[in-house]
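Counted the way full-length UniProt numbering counts, the sequence shown spans residues 1 to 1057.
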Amino acid sequence: MSQAMDTSSESESFGKKVRGHRPRGRETHRRSGRDRGRVSGGREDVRAAEISDKISTLANTLQDTSRNLTKVDKMLGQYRDHADDQVEAMTLLRESLEDSINQLQTRRLSRTNGVRSSSVSSLHNSDLEAYSGSEEKRFQPTSPLKDYGGSHKGRRRSQSAGVHFRDSTRAADDIHSVHQTLRDLYSDQQRLSDDLDREILRRNRSDIDTRRAMENLSEHMTVSQRQDSVSSRVERRLQELEREMNTERERERRAEWRAARDDDQQENLGRCQVRPDEREDALTARLLRAEREKSKMEQELGRARRLLEQSEDRRESLVQQVENMRGELLRTRAEKTAVHRPQTETSQLGAQLCSSHAEREGDRDYSELEKEVAELRGQLNKASVRSEVEELRRALESKERENLRLSLQVKEFSSDMEGREEQHLRILDQLKSMQSRGQTERKEMEALVLESARSKNELKTRAQEAVRQWRAKCRRLQKELEDAEVQGRLHEEKALQVSREKESSEAQLKTLSQQAEASRRELGEALGRLALREAELHRKGVELSEAHQRQLALQQEIREVKEASAVLHEESQRQTSTIARLREENHILEEQADVQARRLHRDQEDKAELQTTLKQMTAAHAQLSLRLAEEENARKDMQRATTELQAKLTLLQEERTSLSQQLQLEREVHQKELNNMAATVKDDRTRKDREVQETLRLCRQENDELSTQLREIKADAVSDKELRVALHIKLDRMKDECDKLVAQLHTKDDAYSLLQRKYQQLKQELKDKVSVDEQRRVSESELLRLEKKIVTMEAERETVLSSLGEELDAVCRSLVRNGQDKLQVISQRPGLVKDPHHWLAETKTKLRWLSEEVRERDAKERRLRKQHQQTRDELKALRQSRSSEQETLQQRLDQQEKLLLSLSTEKKELLERSRAKEEEMRSFQDRVLDLEMNTRIALEHLESVPEKHCLLDDFKDLEESRQQMAFVEQRCGRYKEIVRDLQDQLDESKRKIQEYREAKLDATSRSLRLAALSSSIKGPSTFLSSTVRPDCLSPPRRLTATDLDDAQGEGSRPLTH
């Protein structure tokens, strides 16, 4: 900074000297003009001295500029080499980034394919039933409760059929669906446990990486403390900052100077006799511009750093939010599994009570089911324990607010789950009754099923024919619409042509107006130039006498200047090539900055996507019991997004470090160049002093020659006066011609205004005519189209009504056995199609008759049923349930003991981890104290150093170190909070162990109660009287929403009766 200030002050002092020397020459010129008549000998001496001084200054400035240009050319070559190296490094970085991006994309695609393949295993019963139409594509679920060898007659019916028949095999299918949902839950739970294990492994690896990074940091700090003291390091850093600032300023000044020089190259070539003081003024102005641009660039770099820091902070906060949400989801799942345990037990008991079609294989199937459910419960318990351990690591400051929100959601979920459990209990009761009735009903309903299938096929064919007719009509209407659109397009094209013609005419008018304005401006400029020329001629008349005297002396100078201009021209061409290269390099750097800005924008978009996915997860949590697979997929997507964000942030940090290294290299190069320039300036000053003395000697010799040249200049002045008279005559003629052109312009403006008015009138008339014609054509076409539609719709209505009536008659005939008289009364007359009200009344009567017939048949079938088979099956199911419950209780006790052992081991591991973290915290505190002492010593040293006012801007590094210290302190506080939360969670785990022991006692008491209940049920008279229920005599019919609501009161009575 001090060197830069010295060079700027020296340049200003040099400019002042030159400026102060220039006015003396002018004053001597004026004084010599005034005292021309007094003393001729003194006048000639003074003029000769002035001319010699001016010639010497010009020669010196030209030599200095040539030397400076050669040095600048050498510096540009060095800078070009350095820039080429930078471009190669940037290309290598870009290629590496593209490779890494491609690798990430391939990994993402492979992960998405893996997720899709894993979701195939969680097929539900609805997915399997979708392929029941074709036997080749039928998927058989692996359930031991269903016989898949029989004929699949219960096919899926289309929703277009008018009459619905009950499917006899639906009872067994419903039992199978319940069993399949249990198996799906088991597979989903396995997938959850695998994902939790992967997450734990990933967290452990991240913890190991952080420990390694902290160890490396500590080693680096210890090494740096051993190498040098704090004061020496601070002084070195300050000196480096000064050098970097000076090099950056000098580089920006030279770049701005080159750009401005390229713009002003043509003017400099045309005016080779530009004075040196003006050049120095231009250079100072350019240097000021370069300093301003440099300050702007520093501000932009500061903004970019702030944006990067903000993005890192946001990324950390988002990661913490994701981890908190994961912990809360695992907690709610564990609570729901604890709530589901008694419900699953009751549902399994109900399923065992309903399994009457397999007497000998029932014990084995039920034992397998109980084993699967026990395994599922054990895995749920393990998952809950692991989730609690994970929650201990994810506790942060925003945990209380999220806990409140999630508690409200859990309450809503629990209420929803209770309602769903009640519905499940109702469905199980109804399934029991349907299964007991379904065995005797199958044989009797086979004939009815065949008949219904035939009628169903007929209805399908007829419905397909009606759909085909409707499709043909839709196609006709589409063709008509397309024709109307074509006509509208033609009208639009015509309107566009008219608008284009209008625009062309307006453009012509604009061009005419612009030409008129341009001609007016040219006239004004010509008049101004004429006035300036008159003033210049008047001034030149006074100065011609002096100019002729100097003309001969300056001819020799002009020759030298031409030679120097040729050299300058060659050098300027070289500089243009170098400037073009520099512009390309600047363009490349700007593109890189744009790429970084885009990446930041992408990071922000990814963060927004993460927030949206979090909202989706909270909304989808309400339907967790039905959509577990979808939530797992969403969680995996979130993990991928976070990993991708971390990879992107690491890439950004690497790019930032590479750019900082490049900037340091450039600063060092520019510092070297600045030192070279300072040395060249000193050499130039010494040379100029020597050359001034030599020029004074030459000027005395030239004075004698100028006295002879003045006589010749006086003769030339007479000829110049004659030329001036001729020029005055030409000016008068030009004024007359300008007046004539002004008059012609006025006449053209008047004609143009008239033409514009006529054009507007014609345009308005054309618009009115076109709009009227279009309205008339559109109205006529719409009338014709509506009449055609009315005729076709009437014909279609009659055909549809007749086809529906025929189908209803066919259905009635298929059901009629002894009711031919009723059918003749209900049958339709041929003329009713035209009267829709009567046709609707007759169709309603037919439907009522059909429903009565179906009810009568159902009543007959219900009377034929008996309840002996039901009571025997229920006795067997109760005996089997007693034995199976004893086995499950033993298994539960063993599993809970294993869980206690695993909890004790995990507790020991947590204690060891907490101790290790406390040790790390102590080491962190010691390092923080050392850093504080070092910073205080550095600040005291800086305050003691005098005369460095320009270094106040360079304390950013110290502020950054303070920020790092604050960040380390924040992390220490977080670790302390995590340790506290771990201790709290350990206490909770102890409490839960006690609850598990109490649950053991409850299970044993329940087993004793069930044993007493089974002994009391052995009396056959009481059991038969309790199992005979009035709803068993109800007809078998399809389950509806009203039936579920009626059965709500009986949902808790399958075992008590």
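In this text, a Cβ means the ideal position worked out from N, Cα and C, and glycines have one as well.
Three-state secondary structure (DSSP) of residue i
{"i": "residue 865", "result": "coil"}
{"i": "residue 146", "result": "Its pLDDT being 41, under 50, residue 146 is placed unreliably in this model, and the value from its coordinates should be taken loosely. Three-state result, residue 146: coil."}
{"i": "residue 626", "result": "coil"}
{"i": "residue 134", "result": "The predicted position of residue 134 is uncertain, since its pLDDT is 38 and thus under 50; no value can be drawn from it."}
{"i": "residue 890", "result": "helix"}
{"i": "residue 651", "result": "helix"}
Contacting residues, own chain, Cβ-Cβ under 7 Å from residue i (five flanking each side not counted)
{"i": "residue 986", "result": "907 and 910"}
{"i": "residue 814", "result": "451 and 455"}
{"i": "residue 99", "result": "none"}
{"i": "residue 774", "result": "491"}
{"i": "residue 751", "result": "none"}
Contacts around residue i, its chain only, beta-carbon distance under 6 Å, and the 5 residues preceding and following it disregarded
{"i": "residue 190", "result": "none"}
{"i": "residue 531", "result": "none"}
Same chain only: Cβ atoms within 8 Å of residue i, ignoring 5 sequence neighbours per side
{"i": "residue 664", "result": "244"}
{"i": "residue 577", "result": "none"}
Worksheet item: Between the segment 668–685 and the segment 639–647, do three or more beta carbon pairs fall short of 8 Å?
Response: no
Worksheet entry | Touch test, the segment 567–584 against the segment 71–90, Cβ-Cβ under 8 Å, three pairs minimum | yes
Item to complete: Spell out a yes or no on whether the segment 717–737 and the segment 463–483 are touching, meaning 3 or more CB-CB pairs, one atom from each, closer than 8 Å.
Response: no
Worksheet item: Given 8 Å as the limit, is there contact between the segment 694–704 and the segment 52–59, that is, 3 or more CB pairs closer than that?
Response: yes
Fill in: Three-pair Cβ contact test at 8 Å for the segment 993–1009 versus the segment 895–904
yes
Practice prompt. Answer yes if the segment 486–496 comes into contact with the segment 796–803, meaning at least three C-beta pairs across the two stretches below 8 Å, and no otherwise.
Written response: no
Discussion item. Check whether the segment 741–753 and the segment 470–485 are in contact - that is, three or more C-beta pairs closer than 8 Å.
Written reply: no
Worksheet entry | Whole runs of the alpha helix (DSSP H) within the segment 719–792, excluding any shorter than 4 residues | none
Discussion item. Across the segment 915–930 and the segment 998–1008, are there enough close Cβ pairs to call them in contact, namely three or more that are closer than 8 Å?
Written reply: no
Practice prompt. Would you mind listing the beta strand (DSSP E) stretches within the segment 963–1004 that are 3+ residues and don't spill past its ends, in chain order?
Written response: none
Practice prompt. Any chance you could list the beta strand (DSSP E) runs of at least 3 consecutive residues sitting entirely within the segment 178–202, in chain order?
Written response: none
Item to complete: Tell me, please, whether the segment 59–69 touches the segment 684–694 by the rule of three or more beta-carbon pairs shorter than 8 Å.
Response: yes
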